[in-house]
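Which chain is which? The protein sequence lines are W and G, in order. Under our numbering, think of the first position of the first sequence as -5, with each following residue one higher. Under our numbering, think of the first position of the second sequence as -5, with each following residue one higher. Glycine included, C-beta positions come from ideal geometry on N, C-alpha and C. What you are looking at is a predicted structure, and each value in this text was computed from that prediction instead of being measured. Working notes, beginning with the structure itself.
2 protein chains.
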Amino acid sequence: MSCHEILQEKGHRLTLQRMLVIEALHNAVRHISAEEIYEELHRRHPYANISTVYRTLELLKELELVTETDFGEGRVRYHVAEKGHHHHLVCHSCGRVADLEETALHPLKEGLLDEYGFVADLRHLAISGRCNECRSGHETEPKLRY
Amino acid sequence: MSCHEILQEKGHRLTLQRMLVIEALHNAVRHISAEEIYEELHRRHPYANISTVYRTLELLKELELVTETDFGEGRVRYHVAEKGHHHHLVCHSCGRVADLEETALHPLKEGLLDEYGFVADLRHLAISGRCNECRSGHETEPKLRY
DNA sequence: GTTGCATTCGCAAGTGGTTGCAATAATTCT
DNA sequence: AGAATTATTGCAACCACTTGCGAATGCAAC
């Protein structure tokens, strides 16, 4: 089911602004910022406001259609949930971002449920640290970011 | 070794502002916000500015003397590192915050090191989710917060 | 197609946090 | 103790994001 159908089904209105935000999210190669989404939106709808972008992102998060990740840039990035769940390893030395399979956190999740009865919401987590390349002294420019 | 000694040893100046920020952090019962630290500082040094608080906190973080945790309030809270390391389980239904021993994340940390050679920096993490009380329908007012 | 109405939007102001810069003050050297 | 040096501060402007509010609009009912 598409984002549009889910929005409509839950009683939310399908406005032009929302459709353009969803389109920008789908067209994004990797993780996109609110500002970047706004640029796309603004190009085709010059009167649109960035607060609408933030409100739409908030709605899509609640509906679990997009996930939000803080890579430590001072701004947050968004990703369409259906494109696949994963986490990230962010190196604070070189900025390199590696993807981590969702299953890597399943043991922790199960542990928290068994021990504390706590259902952890671990979606699109960014774990910061120091990557193998930087640790071994071969600091290189990372190829993949965000 | 005290915060004061560590600052001085690393060549940082011991200003009144810094001493008052450190004092506020040590006096805090649990996790304190920058605004709360600023109130303490302002009471005894009316010309002090909140940017100094943020800059001091940034410095203390770099020296690993304080940790920063985002409980999802829209502001971040700080805690003296030497008071003990732990993580937090934050319920997004009732706001209850439970402490989680540092060791609970050791298996994950070791796994990331073995599999990816990645040294994860997992300090004072806030894991959001739904707590046992809320899941069982007995939603109560939480006693402990932050 | 028109009407009615709740939802959504644009705007402007506000919040938490950061930053560039000139003035100030902690430390070092004499 | 006083002068020189340079880290640190206060200030003001800025950034990412949020919010209150009145105006606009998508949608449902006729």
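- In the DSSP assignment, residue 93 of chain G falls within the unbroken beta strand (DSSP E) covering 91 to 95.
- The DSSP-derived three-state label of residue 134 of chain W is coil.
- For residue 113 of chain G, the chain W residues whose C-beta falls within less than 7 Å of its own C-beta are 123, 124, 129, listed in chain order.
- The stretch 0 to 9 of chain G makes no contact with the stretch 101 to 119 of chain W; the number of CB pairs closer than 8 Å stays below 3.
- Close CB contacts of residue 44 of chain G within its chain, under the 8 Å cut and outside five residues either way in sequence, are with 28, 29, 32 (chain order).
- Under the Cβ criterion of 8 Å, residue 75 of chain G is not counted among the residues facing chain W.
- With contacts defined by Cβ atoms closer than 8 Å, residue 75 of chain W and residue 59 of chain W form a contacting pair.
- Interface criterion met: the Cβ of residue 110 of chain G is under 8 Å from a Cβ in chain W.
- Interface flag for residue 18 of chain G against chain W is unset, since no Cβ pair is found closer than 8 Å.
- In this structure residue 50 of chain G is buried. Its beta-carbon is surrounded by 16 or more other beta-carbon atoms within 10 angstroms.
- The three-state reading of DSSP puts residue 71 of chain G in strand, counting E and B together.
- Boundaries of the alpha helix (DSSP H) harbouring residue 47 of chain G: 44 to 56, taken from the DSSP string.
- Chain G places a beta carbon closer than 8 Å to that of residue 105 of chain W, counting this residue as a contact.
- Around the Cβ of residue 23 of chain G, a 10 Å sphere holds fewer than 16 other Cβ atoms; the residue is exposed.
- Put simply, of W:90, W:87, W:80 the residue whose alpha carbon is nearest the alpha carbon of residue 100 of chain W is W:80.
- A residue is called buried when at least 16 other Cβ atoms come within 10 angstroms of its Cβ; residue 66 of chain G does not meet this threshold and is exposed.
- Collapsing the DSSP output to three states places residue 128 of chain W in a helix.
- Residue contact with chain W for residue 120 of chain G: absent (no Cβ-Cβ distance below 8 Å to any residue of chain W).
- Using beta-carbon distances, residue 40 of chain G does not count as an interface residue toward chain W, since no partner is under 8 Å.
- Taking the Cα positions, residue 39 of chain W is about 9 Å away from residue 14 of chain W.
- Residue contact check for residue 22 of chain G against chain W: no CB pair falls below 8 Å.
- Secondary structure of residue 123 of chain G (DSSP, three-state): strand.
- When Cβ-Cβ separations below 8 Å define contact, residue 53 of chain G makes no contact with chain W.
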